[in-house]
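*Asks:* Handing you a structure now.
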Amino acid sequence: MAFKTANAEQITLDIISPEKTNGVDQDVALVHFHGGFLVVGDKQTFPPNWLISACERRGWHYISPSYRLLPEATGEDAANDAKTAVRWVHQHLARRIIIAGSSAGGYLALLAAAQLRSIRPVAVLSIYGINSPASADYTTLGSTLMGAPPMANLEKVVQDLKAAAEKGEPISGYPFPEDKNDRRMGWIAALHEATIYPDIICGVPGLSKSIRMDGVQIIPKEVRQFFPLDFGLDAGFPPTAFLHGDQDSCVNVAQSVQAAEKLRNAKIKVLLEVVAGKDHGFDAMEVAPGVNVEAEGESGDISVHLKSILRFLDEAVDQ
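Taking UniProt numbering, the leading residue of the sequence shown gets 1, the next gets one more, and so forth.
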C-alpha cells in the first residue's frame, strides 16, 4: 500500500489487520520501522515475530512502512517518511497508535513521537535502538562497528558515500545484504569509524566533531529535531519502553540505558528491559513466526522480558 510518492517513487507500507475481536475493531495500530542503520533494510528486514503475533492476538493492526535510506536521501527525508506513515495510519486505520522500531527504526520511532504532537502516540517502543546519534558511540573517532579492525580504505569509502549523497538516486528499501563486502555495508562501517553519522543525518559537515568538542548545545537549532532525546522531551512525550541485549555488538546497550535515564529525568513513564547475554537482533532471530511468548510455560530469559514489554504496551493502550 502506497502512503506517499517521493522522487517519482511510491513509498509503501505493509499491513497485517487481524479479525475483529468479538466483532469490534480495537482501534489500535502498532507501526514498526525496520532497522539497517538507516542505510540498508526494507519492510521484511528481521521482523519482530513476537510483536506481530502479539498484535494479532490483541486485534491490533501491525504496520511496517518503508522509508528513504541514507545517504542518497537525507535524514529529513527519512524522518518525513516516518511521520507521514504514522499520519496515514491515524487517518485510515486507527486513532490509537504505538510507534515502534528496531535498531535504526527505534531512532525513527523516537523522532516521530517527538515531532507528531497533533497525533500523540499512546506509547513508543525502541528495540535495541540507535537512540542518540549525538552520543559518544557516534562521535568518538575510531569507533569501529562490531569490533572490526580499522578500515584500510576508510577515506575512499567516505568519499564514495559523500558522492552518493550528492548525486545518488534515493531508494526506499535495500534487502539486508548477506555479503559483508556489499558497498552499502562499507558505508555503514565508514559512518561509524569516521564518526559522520550526525553529519550525514543532518546534512551538516563537521557536526560530529563540533559535538565531540563542545557538546550537544552546539547543535544548530534548525537540526535539533534529529536529536529527540536531547531537545524533544517534555511531559507530553508518550510512555516509552526500551528492549536491548547487554552483549549487543552493533548498537551499544548504553543507547537504551542512557535513553531511559533521560526519560526518567524528564518525568516520562519508561520501561527498560536489558536481556543478559543477548546480541543485536536476538528477538527476531530467536522467536519464530506464530510463537506466543505469553503462553503458559513460556518462561525463558527472552519471554520474561518480552512479556514485560507487552504488559507495558497494554497498560498504555488501556489508559
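Cβ coordinates follow ideal geometry from the N, Cα and C atoms, glycine included. As the structure is a prediction and not an experimental result, all values here were calculated from the model.
Return helix, strand or coil for Ser126, following the three-state DSSP convention.
*Replies:* Counting from one through the sequence shown, the residue named residue 126 turns up at place 126. Ser126 falls in the strand class under three-state DSSP.
*Asks:* Thinking Val284 and Pro47 are a contact (beta carbons under 8 Å), I'd like their distance in whole angstroms, please.
*Replies:* Here residue 284 is taken as the residue at index 284 of the sequence shown, counted from 1. Here residue 47 is taken as the residue at index 47 of the sequence shown, counted from 1. The sequence as given places Ala at residue 284; Val does not occur at that position. With a Cβ gap of about 6 Å, Ala284 and Pro47 count as contacting.
*Asks:* Arg311: which of Val270, Thr139, Asn181 and Tyr138 sits nearest, CA to CA?
*Replies:* Mapped onto the sequence shown, residue 311 falls at position 311. That would be Val270, whose Cα lies nearest to the Cα of Arg311.
*Asks:* Rounded to whole angstroms, how far is the Cβ of Leu110 from the Cβ of Asn131, which I believe are closer than 8 Å?
*Replies:* Taking the first residue of the sequence shown as position 1, residue 110 is located at position 110. Taking the first residue of the sequence shown as position 1, residue 131 is located at position 131. Confirmed, Cβ separation roughly 6 Å.
*Asks:* Could you pull out every residue in the same chain whose Cβ sits closer than 8 Å to the Cβ of Gly290, ignoring the five residues on either side in sequence?
*Replies:* Here residue 290 refers to the residue found at position 290 when the sequence shown is read from its first residue. Excluding positions up to five away in sequence, the list reads Asn49 and Ser53.
*Asks:* Measuring CB atoms only, is the segment 234–242 touching the segment 208–216, in the sense that at least three cross pairs come out at less than 8 Å?
*Replies:* Result no; under three Cβ-Cβ pairs closer than 8 Å.
*Asks:* Quick check: what's the CA-CA separation for Ala190 versus Asp27?
*Replies:* Along the sequence shown, read from residue 1 onward, the residue named residue 190 stands at position 190. Along the sequence shown, read from residue 1 onward, the residue named residue 27 stands at position 27. Approximately 43 Å, taken between the alpha carbons.
*Asks:* Mind checking who Thr84 pairs with in its DSSP beta bridge?
*Replies:* The residue given as residue 84 occupies position 84 in the sequence shown. DSSP lists no partner for Thr84.
*Asks:* Helix or strand or just coil, what does DSSP make of Pro228?
*Replies:* Taking the sequence shown and counting its residues from 1, one reaches residue 228 at position 228. It is helical.
*Asks:* Hey, how far is the Cα of Met151 from the Cα of Asp234?
*Replies:* Taking the first residue of the sequence shown as 1, we reach residue 151 at position 151. Taking the first residue of the sequence shown as 1, we reach residue 234 at position 234. Going from the Cα of Met151 to the Cα of Asp234 covers about 40 Å.
*Asks:* How close, in whole Å, do the beta carbons of His305 and Leu263 come, if the pair is a contact with beta carbons under 8 Å?
*Replies:* Counting from one through the sequence shown, the residue named residue 305 turns up at place 305. Counting from one through the sequence shown, the residue named residue 263 turns up at place 263. Actually they are not in contact, since the Cβ atoms of His305 and Leu263 sit about 18 Å apart, beyond 8 Å.
*Asks:* Can you name, in chain order, every residue of its own chain whose Cβ lies under 6 Å from the Cβ of Ser137, other than the five neighbours on each side?
*Replies:* Locating residue 137 in the sequence shown gives position 137, counting from the first residue. One point to set straight first is that residue 137 is Asp, not Ser, in the sequence displayed. Same-chain partners within the cutoff: Asn252.
*Asks:* Quick one: what's got a C-beta closer than 6 Å to Ile16's C-beta in the same chain, skipping five residues either side?
*Replies:* If you number the sequence shown from 1, residue 16 lands on position 16. For Ile16, where only same-chain residues beyond five positions count, the Cβ hits under 6 Å are Tyr62.
*Asks:* Which runs of the alpha helix (DSSP H) spanning at least 4 residues fall entirely within the segment 57–107, listed in chain order?
*Replies:* Qualifying alpha helix (DSSP H) stretches, in chain order: 75–92.
*Asks:* Only counting the same chain, and skipping five residues up and downstream in sequence, which positions put a Cβ closer than 6 Å to that of Thr74?
*Replies:* Along the sequence shown, one-based indexing puts residue 74 at 74. Counting only Cβ-Cβ distances below 6 Å, and skipping sequence neighbours, we find Gly203.
*Asks:* Among residues of its own chain, excluding the 5 on either side of Gly186, which ones have a beta-carbon nearer than 7 Å to its beta-carbon?
*Replies:* Taking the first residue of the sequence shown as position 1, residue 186 is located at position 186. Hits under 7 Å: Val157.
*Asks:* Pop quiz: residue 322 and Glu273 are said to be a contact at Cβ under 8 Å. What is the actual Cβ separation, rounded to whole angstroms?
*Replies:* For residue 322 there is no data in the structure shown, the boundaries of the chain being 1 and 319.
*Asks:* CA-CA distance, Ala78 and Glu19?
*Replies:* Sequence index remark: in the sequence shown, residue 78 carries index 78 (1-based). Sequence index remark: in the sequence shown, residue 19 carries index 19 (1-based). Distance between the alpha carbons of Ala78 and Glu19 is about 31 Å.
*Asks:* Would DSSP call Asp283 helix, strand or coil?
*Replies:* Within the sequence shown, residue 283 is the residue found at index 283, counting from 1. Helix, per DSSP.
*Asks:* Closer than 7 Å by C-beta to Ser249: which residues in its own chain qualify, once you throw out the five before and the five after it? Chain order, please.
*Replies:* Within the sequence shown, residue 249 is the residue found at index 249, counting from 1. Within the same chain, Ser249 has close Cβ partners Met146, Gly147, Asp279 and His280.
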